[in-house]
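As they're listed, the protein sequences go chains A and B. The numbering of the first sequence is my numbering, which starts it at 9 and goes up by one. The numbering of the second sequence is my numbering, which starts it at 647 and goes up by one. For reference, the structure discussed in these notes is given below.
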Amino acid sequence: MNVGGFATGPHPELELSAYVDGELAGEALARIEAHVLACDACRASVDDLRAVTTTARALVDARPATDLWPGIARRIGAVPPLEFPQHARRQAPAVMRIRRAGWRISLSWPQLLAAAACVAVLSGGAVWWGLTSQSATIREAGGLGGSVQATAADYEIQRYDSAVADLQAVLDHNHDRLDPETVRTVESNLAIIDAAIAQARRALLADPSNPYLNGHLADQMKRKIRVLQQTADAVTADYTGPS
Amino acid sequence: MEHSRPGVTPPSVPESARSRGGDARDVALAAAGDADAFRRLYEAQVGRIHSLARRMLGYDLADEATQDVFVRAWQKLGTFRGESAFGTWLFRLAVNLMLTRRAQLAVKRGREVVDDELLGLQPDRSRPETLGMDFETAIGRLPEGARQVFVLHDIEGYTHEEIARALGVTAGTSKAQLHRARLLLRRVLGKG
Numbered sequence: 009m010n011v012g013g014f015a016t017g018p019h020p021e022l023e024l025s026a027y028v029d030g031e032l033a034g035e036a037l038a039r040i041e042a043h044v045l046a047c048d049a050c051r052a053s054v055d056d057l058r059a060v061t062t063t064a065r066a067l068v069d070a071r072p073a074t075d076l077w078p079g080i081a082r083r084i085g086a087v088p089p090l091e092f093p094q095h096a097r098r099q100a101p102a103v104m105r106i107r108r109a110g111w112r113i114s115l116s117w118p119q120l121l122a123a124a125a126c127v128a129v130l131s132g133g134a135v136w137w138g139l140t141s142q143s144a145t146i147r148e149a150g151g152l153g154g155s156v157q158a159t160a161a162d163y164e165i166q167r168y169d170s171a172v173a174d175l176q177a178v179l180d181h182n183h184d185r186l187d188p189e190t191v192r193t194v195e196s197n198l199a200i201i202d203a204a205i206a207q208a209r210r211a212l213l214a215d216p217s218n219p220y221l222n223g224h225l226a227d228q229m230k231r232k233i234r235v236l237q238q239t240a241d242a243v244t245a246d247y248t249g250p251s
Numbered sequence: 647m648e649h650s651r652p653g654v655t656p657p658s659v660p661e662s663a664r665s666r667g668g669d670a671r672d673v674a675l676a677a678a679g680d681a682d683a684f685r686r687l688y689e690a691q692v693g694r695i696h697s698l699a700r701r702m703l704g705y706d707l708a709d710e711a712t713q714d715v716f717v718r719a720w721q722k723l724g725t726f727r728g729e730s731a732f733g734t735w736l737f738r739l740a741v742n743l744m745l746t747r748r749a750q751l752a753v754k755r756g757r758e759v760v761d762d763e764l765l766g767l768q769p770d771r772s773r774p775e776t777l778g779m780d781f782e783t784a785i786g787r788l789p790e791g792a793r794q795v796f797v798l799h800d801i802e803g804y805t806h807e808e809i810a811r812a813l814g815v816t817a818g819t820s821k822a823q824l825h826r827a828r829l830l831l832r833r834v835l836g837k838g
């Protein structure tokens with residue numbers, strides 16, 4: 009029954025979607041059709057629902073804003089080794105290992121801790137390194153004597169410096185492969201990290217045996233390696249030559 | 647099947663005979679470890695997969711989920727027997743992976759979006775070109791259940807029975823969620 013464009017009885021809310029989708033048949037279809045014909049509100053709802061479904065079907069697939077292939081290539085091991093600058097190969101081949109998925113600087117946290125401690129020593133810190141017997145690196149090495157410890161730590165700081173230099177050289181060599189925005193971001197992050205390293209070193213001058221400061225310095229050094237490594241990875245992943 | 651979820655068989659992806667032939671060659675090459683061939687498959691499918699991810703999981707997770715899909719596809723290429731088009735197989739894998747991700751997310755955030763948020767997405771009628779974007783954004787803000795059903799039914803063409811199996815709900819629940827989603831989205835179109 010229709011009174012001035014309004015059908016009597018409850019509005020068939022849920023069934024309107026089924027009606028729009030053509031899922032109704034028989035008696036149910038006849039009932040809803042009759043209601044929609046008689047009910048202005050439900051007729052408007054049907055029009056709205058059809059507009060939504062039409063819009064949904066018309067949506068266009070879009071590619072991602074950034075190229076996701078480099079990340080995929082890295083994860084499936086499809087990235088070839090990066091071309092190294094000659095001087096980087098000469099400087100410290102021992103700290104690099106080339107593998108199919110790219111290349112990695114392999115400095116562990118204990119090694120960086122040792123390097124950080126060495127920084128403290130080289131920064132004019134007292135004889136903490138030589139006096140302590142608690143260094144993780146040294147424990148791993150089997151309790152070496154103080155002078156040998158200093159030598160080992162000195163070796164680690166050399167490895168760290170070499171690693172940073174190598175990564176920096178790779179980035180410099182492949183500078184044009186990175187977009188300027190990425191370069192700016194990396195440089196900004198490195199500046200922050202370098203400031204933190206400098207700050208930690210200054211603090212260690214006053215308190216060279218402070219375990220927190222040594223750990224913090226090692227963290228910052230590792231952070232710097234990580235930023236450089238990730239950037240080198242990005243350069244590597246952009247490589248599109250044969251794998 | 648990708649995981650223990652019943653899974654769904656998506657509508658076939660329309661693909662020309664030429665693209666099917668090219669896909670078949672590239673699939674064979676990729677299955678043998680040819681990353682260049684796999685990249686060609688990626689280039690052909692990434693738009694569809696990323697759009698699915700964006701709509702089902704949101705912008706924030708779409709990139710990561712898309713990469714996960716292709717990495718998983720690379721790992722499982724050996725199981726692709728060519729009974730369907732590669733695009734159809736990949737899409738099924740993507741849907742199942744995203745449903746799993748969605749279930750994990752639902753536990754984490756238990757997110758519900760109130761209608762007022764959708765009201766805030768009323769399109770700028772003076773700029774018709776923004777309408778599609780507003781609609782996509784609004785889809786992303788639907789309540790989880792309504793969003794999954796809407797994407798799978800109204801955009802991807804799944805039936806309520808298929809959706810019910812995939813989501814572990816009844817067909818009636820799927821219908822109710824779809825209607826809810828449509829009612830919310832019609833406001834974005836300036837209706838309702």
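Virtual Cβ for every residue (Gly too), placed ideally from N, Cα, C.
Evaluate residue 213 of chain A with the Cβ neighbour count: other Cβ atoms within 10 Å of its Cβ, from every protein chain shown; 16 or more gives buried, anything less gives exposed. Classification for residue 213 of chain A: exposed.
Helix, strand or coil at residue 19 of chain A [DSSP, three-state]: coil
Does the beta carbon of residue 36 of chain A come closer than 7 Å to any beta carbon on chain B? Not one chain B Cβ lies under 7 Å of residue 36 of chain A.
Contact list for residue 782 of chain B against chain A, beta-carbon separation under 9 Å: 67 and 70
Quick check on DSSP: helix, strand or coil for residue 771 of chain B? At residue 771 of chain B the pLDDT is 46, less than 50, meaning the model places this residue with poor confidence; the figure from the coordinates comes in the next sentence. Reduced to three states, the DSSP call for residue 771 of chain B is coil.
Under 7 Å between C-beta atoms of residue 834 of chain B and residue 796 of chain B: no
Flag residue 226 of chain A as yes if its beta-carbon sits less than 7 Å from any beta-carbon of chain B, otherwise no. The C-beta of residue 226 of chain A comes no closer than 7 Å to any C-beta of chain B.
Please list the partners that residue 84 of chain A has in chain B, where partner means a Cβ-to-Cβ separation under 9 Å. 681, 684, 716, 717, 720 and 721
Does the region 196-211 of chain A touch the region 223-234 of chain A, meaning 3 or more C-beta pairs lie closer than 8 Å? yes
Work out the CA separation of residue 744 of chain B and residue 706 of chain B for me, nearest whole Å. 13 Å
Counting only Cβ pairs nearer than 8 Å, list the residues of chain A close to residue 824 of chain B. 25
Is the beta carbon of residue 86 of chain A sitting closer than 7 Å to the one on residue 681 of chain B? yes
Give the range of the alpha helix (DSSP H) segment to which residue 804 of chain B is assigned. Segment: none, residue 804 of chain B is in no alpha helix (DSSP H) and carries neither H nor E.
Contact the region 44-61 of chain A vs the region 21-29 of chain A: 3+ CB pairs below 8 Å: yes
For residue 798 of chain B, which residues from the same chain have a beta carbon less than 6 Å from its beta carbon, with the 5 sequence-adjacent residues on both sides left out? 804 and 809
Taking residue 190 of chain A as the query, report the chain B residues whose CB atoms sit under 7 Å from its CB, ordered along the chain. Neighbours of residue 190 of chain A on chain B: none; closest Cβ ~16 Å, over 7 Å.
Which residues bound the alpha helix (DSSP H) around residue 712 of chain B? 705-722
For residue 31 of chain A, the three-state DSSP class (helix, strand or coil): coil
Cβ of residue 694 of chain B within 7 Å of any chain A Cβ: yes
Answer yes or no: does any C-beta atom of chain B fall closer than 7 Å to that of residue 61 of chain A? The beta-carbon of residue 61 of chain A is placed less than 7 Å from the nearest beta-carbon of chain B.
Quick one, which of B/825, B/738 and B/817 has its alpha-carbon nearest residue 699 of chain B's? B/738
Per-residue contacts from residue 678 of chain B into chain A (C-beta, under 9 Å): Those do not exist, as residue 678 of chain B stays about 13 Å from chain A at its closest Cβ, beyond 9 Å.
Give the range of the alpha helix (DSSP H) segment to which residue 818 of chain B is assigned. 817-834
Taking only the alpha-carbon atoms, compute the straight-line gap between residue 40 of chain A and residue 58 of chain A and give it to the nearest angstrom. Their Cα atoms are separated by approximately 15 Å.
Just how far apart, CA to CA, sit residue 683 of chain B and residue 676 of chain B? 5 Å
Proximal chain A residues relative to residue 713 of chain B, where beta-carbon distance stays under 8 Å: Under the 8 Å cutoff, chain A gives 76, 79, 80 and 83.
Given that residue 670 of chain B touches chain A, what residues does it touch there, using C-beta distances under 9 Å? Chain A residues near residue 670 of chain B: none, gap ~20 Å exceeds 9 Å.
So, under 8 Å CB-CB, residue 49 of chain A and residue 19 of chain A are touching, yes? Tell me the CB distance rounded to an integer number of Å. 7 Å
Taking 7 Å as the threshold (beta carbon to beta carbon), is residue 33 of chain A in contact with chain B? no
Mapping DSSP to helix, strand and coil, what is residue 78 of chain A? DSSP, reduced to helix, strand and coil, places residue 78 of chain A within a helical segment of the structure shown.
Strictly under 7 Å for the Cβ-Cβ distance: is residue 801 of chain B near chain A by that measure? For residue 801 of chain B, the answer is yes, since a Cβ of chain A falls inside 7 Å of its Cβ.
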